[in-house]
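Protein chains in written order, with the working numbering: chain B, 123 to 237; chain D, 34 to 147. Structure record follows, encoded as structure tokens.
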Amino acid sequence: DSGVTQTPKHLITATGQRVTLRCSPRSGDLSVYWYQQSLDQGLQFLIQYYNGEERAKGNILERFSAQQFPDLHSELNLSSLELGDSALYFCASSVESGGGTYEQYFGPGTRLTVT
Amino acid sequence: GDSVTQMEGPVTLSEEAFLTINCTYTATGYPSLFWYVQYPGEGLQLLLKATKADDKGSNKGFEATYRKETTSFHLEKGSVQVSDSAVYFCALSDGGGSQGNLIFGKGTKLSVKP
Numbered sequence: 123d124s125g126v127t128q129t130p131k132h133l134i135t136a137t138g139q140r141v142t143l144r145c146s147p148r149s150g151d152l153s154v155y156w157y158q159q160s161l162d163q164g165l166q167f168l169i170q171y172y173n174g175e176e177r178a179k180g181n182i183l184e185r186f187s188a189q190q191f192p193d194l195h196s197e198l199n200l201s202s203l204e205l206g207d208s209a210l211y212f213c214a215s216s217v218e219s220g221g222g223t224y225e226q227y228f229g230p231g232t233r234l235t236v237t
Numbered sequence: 034g035d036s037v038t039q040m041e042g043p044v045t046l047s048e049e050a051f052l053t054i055n056c057t058y059t060a061t062g063y064p065s066l067f068w069y070v071q072y073p074g075e076g077l078q079l080l081l082k083a084t085k086a087d088d089k090g091s092n093k094g095f096e097a098t099y100r101k102e103t104t105s106f107h108l109e110k111g112s113v114q115v116s117d118s119a120v121y122f123c124a125l126s127d128g129g130g131s132q133g134n135l136i137f138g139k140g141t142k143l144s145v146k147p
């Protein structure tokens, strides 16, 4: 158990809908990262938050947004869903392990199926 | 931009065989390198890491050495077990301004037969 929790575990929804994925980082970790894992694209970094502020953006679509709340949990919002958004969405939190290196600990993921 | 290339699987081995999964990277700076493992139905677990050239990361019998001259970080294990069956991901992080965002290879699926 990494200490990172994600809910829900599975989500099935229809095209055009909007969903919210939730992540709670490990106790004491200030950074939260979101990744998408799909068969064709592999594992791709979406966005990072640090202590409530957006820190870095990766390959995140404009239909997707995220935020980190004062209690450090984070939510990833996916809107106008398309079939191609079906994927596993992982959240990770990190701690600096020295020398500017960050070890990331991953949650179990949310499997999103868009029908 | 930065990228990671790892050998495509699947890799099928018999128990107690020697394992090598090749990983090479392209990076403009001096990245940290990682191997993550994903067991069926689970999230990714950090297996080992190396933060500078010639560092060797090791954990659970797995090893990988950061080779700057060949830009490689190959994963090895001397004697695999059935329980090692999983997908292995090589990743890099350039730390610094990116605050540790990971760039992953496509993953290599390992199946170990008894």
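Here a beta-carbon is modelled for each residue, glycine too, at the ideal position from N, C-alpha and C.
Taking 9 Å as the cut-off, the Cβ atoms of residue 135 of chain D and residue 124 of chain D count as close.
When Cβ pairs closer than 8 Å are counted between the two stretches, the segment 134-149 of chain B is seen not to touch the segment 159-174 of chain B, the count staying below three.
Within chain B, the residues whose beta carbon sits less than 9 Å from that of residue 122 of chain D are 164 and 165, listed in sequence order. Rounded to the nearest angstrom, the gap between the Cα atoms of residue 217 of chain B and residue 225 of chain B is 6 Å.
Taking 8 Å as the upper bound for CB-CB distance, residue 122 of chain D and residue 140 of chain D are in contact here, some 5 Å apart. By the criterion of a C-beta distance shorter than 6 Å, residue 233 of chain B is surrounded in its chain by 132 and 210, once the five residues flanking it on both sides are discounted. Residue 108 of chain D sits in a strand when the DSSP states are folded into three classes. Looking at the backbone, the Cα of residue 205 of chain B and that of residue 136 of chain B are separated by about 8 Å. Any Cβ of chain B closer than 9 Å to the Cβ of residue 80 of chain D would place that residue at the interface, and such an atom is absent.
Secondary structure of residue 208 of chain B (DSSP, three-state): coil. By the C-beta criterion, the segment 95-106 of chain D is judged to be in contact with the segment 41-57 of chain D, since at least 3 inter-stretch pairs fall below 8 Å.
The beta carbon of residue 138 of chain B lies closer than 7 Å to those of 202 and 203 in the same chain, with the five residues before and after it left out.
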